[in-house]
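Protein chains in written order, with the working numbering: chain A, 498 to 668; chain B, 12 to 156. Idealized CB from N, CA, C, for every residue including glycine. Data first, discussion second: the structure below is written as C-alpha cells.
And the structure:
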C-alpha cells in the first residue's frame, strides 16, 4: 500500500479522524536478464508476478522499473497563490501532504514518496467528508467522525488513488 | 528560480551563519529570535518525522514546501544543520547542501585554527566563497523570481 495513513484535524487542532492503511512493502531490487524465471501478468494496471519464485521475489511482487526506468507514476507539485501553511513535507521514507479547507479543517495524508495524485486525493477526501460526514444529521461539527459511509467511501477512494494514481475530472 | 536565504546551525542551536539573497518579507521579529524559531521548528519537525515514519528512517526529514517557498534541510551526523529556502521550482538539492558543509564549512572554518567553533562564523573568506558558490548554482537567478 503506497498510501500509509489519513488524518483529519479540526479547527482547534484536535484529531477527528484517523485511518492507517499501512502494509509493510518489501522491496527487493533484483536484476534479471532474459529469459525470466518468473511469469508476469498485468493486473489492476500493475505488472505483478503471477507464478514463480526467485531470490526473494515471490507471487504478488510488482515490477517497479525496467532497465532503470521508473514504471511507477511521477508526482505532481501543488501551486497556489498567497501564503499558506506546510502543504507537503518530504522525508526519505514518506511524503506528508496537507490540505487546509477554508473552514479550518486539515486533511493530512502520509504516502509513499513515489505515489502520484495525492492532491486530487485530498480534494476527493474533502468531497467525501462533506457528503458523508457533514450531511449526516447525527454528526456534530468538529467532533470525531464515526460515520460508516465515510469510512467505506474513504477506503474506496484510497484504493482508486493507489491504482490509478489520479482522479479523472468530475469523479 | 531563486535562493531566498541560508542558515547554518550547530548541534546546540547556535546559528553559525545566515545569508540572504532574495527575501521579500522579513519575519517581523529580531534576528536572534528568528534563529531560535527556525531551530525550534526544525527540532520539532525532526521529532515528528521520526515518530510518524511507517518505516525505519535513514536520512529523515528532507524538505517541506508551502504555496510560496520550499525549505531544504540537511543534517550531518555531528549535528550541523544546513537549511536553505528556495522558491518552488527547485528539486532535491541534498548534494548542494552537502557541498556547502564539506567543501565550504569544513574546509574553511573547521580546518581553520583561528576560527573558534561553536559560535557565529566571522571568516570573511567563508562568507565570500559561500556567496559565490550560491550565485553559481543553476537554480539561482540574479533577478528575484
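Beta-carbon neighbours of residue i, restricted to chain B and to distances below 8 Å
i: residue 588(A); result: 60, 64, 68, 70, 71, 72, 73
i: residue 501(A); result: 65
i: residue 591(A); result: 63, 64, 65, 66
Residue range of the unbroken beta strand (DSSP E) whose run includes residue i
i: residue 30(B); result: 26-31
i: residue 514(A); result: 512-517
i: residue 56(B); result: Segment 42-63 is the alpha helix (DSSP H) holding residue 56(B); no beta strand (DSSP E) there.
i: residue 502(A); result: 500-506
i: residue 137(B); result: No beta strand (DSSP E) holds residue 137(B); the alpha helix (DSSP H) holding it covers 135-146.
i: residue 93(B); result: 92-97
i: residue 19(B); result: 14-20
i: residue 11(B); result: What is shown of chain B runs 12 to 156, which leaves residue 11(B) out entirely.
i: residue 87(B); result: Counting along the chain, residue 87(B) falls outside any beta strand (DSSP E), and DSSP gives it neither H nor E.
i: residue 608(A); result: 603-608
i: residue 588(A); result: 585-588
i: residue 73(B); result: 72-76
i: residue 596(A); result: 592-597
Sequence-distant residues of the same chain with beta carbon closer than 7 Å to residue i, five excluded per side
i: residue 140(B); result: 115, 119
i: residue 575(A); result: Bear in mind that the predicted position of residue 575(A) carries a pLDDT of just 35, short of 50, making it unreliable; the figure below should be weighed with that in mind. The answer, listed in chain order, is 584, 585, 616.
i: residue 629(A); result: 644, 646, 647, 650
i: residue 130(B); result: 25
i: residue 132(B); result: 27, 28, 120, 126
i: residue 571(A); result: Reliability fails at residue 571(A), whose pLDDT of 32 lies under 50, so the model's placement of it is uncertain and the value that follows must be treated cautiously. Here the set comprises 613.
i: residue 633(A); result: 644
i: residue 577(A); result: With a pLDDT of 35 at residue 577(A), under the threshold of 50, the modelled position of that residue is not reliable, and no figure is offered here.
i: residue 50(B); result: 20, 24
i: residue 573(A); result: With a pLDDT of 32 at residue 573(A), under the threshold of 50, the modelled position of this residue cannot be trusted, and the question is left open.
Contact set between residue i and chain B, taken where Cβ atoms lie within less than 9 Å
i: residue 581(A); result: 77, 78, 79
Supposed close pair residue i, residue j - CB separation, criterion 8 Å
i: residue 624(A); j: residue 74(B); result: Not a contact, Cβ separation roughly 29 Å.
i: residue 56(B); j: residue 72(B); result: 6 Å
i: residue 70(B); j: residue 13(B); result: Rounded, the Cβ-Cβ distance is 25 Å, inconsistent with contact.
i: residue 159(B); j: residue 53(B); result: Limits of chain B in this structure are 12 at one end and 156 at the other, which puts residue 159(B) out of reach.
i: residue 605(A); j: residue 504(A); result: 4 Å
i: residue 15(B); j: residue 96(B); result: 4 Å
i: residue 66(B); j: residue 107(B); result: Not quite, the Cβ-Cβ distance comes to about 26 Å (not below 8 Å), so this is no contact.
i: residue 607(A); j: residue 63(B); result: 7 Å
Interface residues of chain B facing residue i [CB-CB closer than 7 Å]
i: residue 585(A); result: 75, 76
i: residue 519(A); result: 65
Check: residue i C-beta below 6 Å from any heavy atom of the ligand FMN
i: residue 149(B); result: Judged by which ligands are present, the structure shown has none, so any question about the ligand FMN falls away.
Limits of the unbroken alpha helix (DSSP H) element including residue i
i: residue 615(A); result: 615-626
i: residue 649(A); result: 645-661
i: residue 108(B); result: 105-110
Close Cβ partners of residue i (< 6 Å) along its chain, the five nearest in sequence each way excluded
i: residue 86(B); result: 92
i: residue 508(A); result: 601
i: residue 610(A); result: 592
i: residue 137(B); result: 119, 120
i: residue 100(B); result: 12
i: residue 77(B); result: none
i: residue 111(B); result: 93
i: residue 513(A); result: 505, 507, 641, 642
i: residue 30(B); result: 17
i: residue 618(A); result: 658
i: residue 208(B); result: The question about residue 208(B) has no answer here: the residues shown for chain B are numbered 12 through 156.
i: residue 668(A); result: Bear in mind that the predicted position of residue 668(A) carries a pLDDT of just 43, short of 50, making it unreliable; the figure below should be weighed with that in mind. Excluding positions up to five away in sequence, the list is empty.
Same chain, Cβ closer than 8 Å to residue i, five either side skipped, listed in chain order
i: residue 68(B); result: 60, 61
i: residue 598(A); result: 604, 623
i: residue 40(B); result: 48
i: residue 80(B); result: 15, 96, 97, 98, 99
Q: Would you list, in chain order, the members of the region 594-627 of chain A that have their beta-carbon closer than 7 Å to a beta-carbon of chain B?
A: 607
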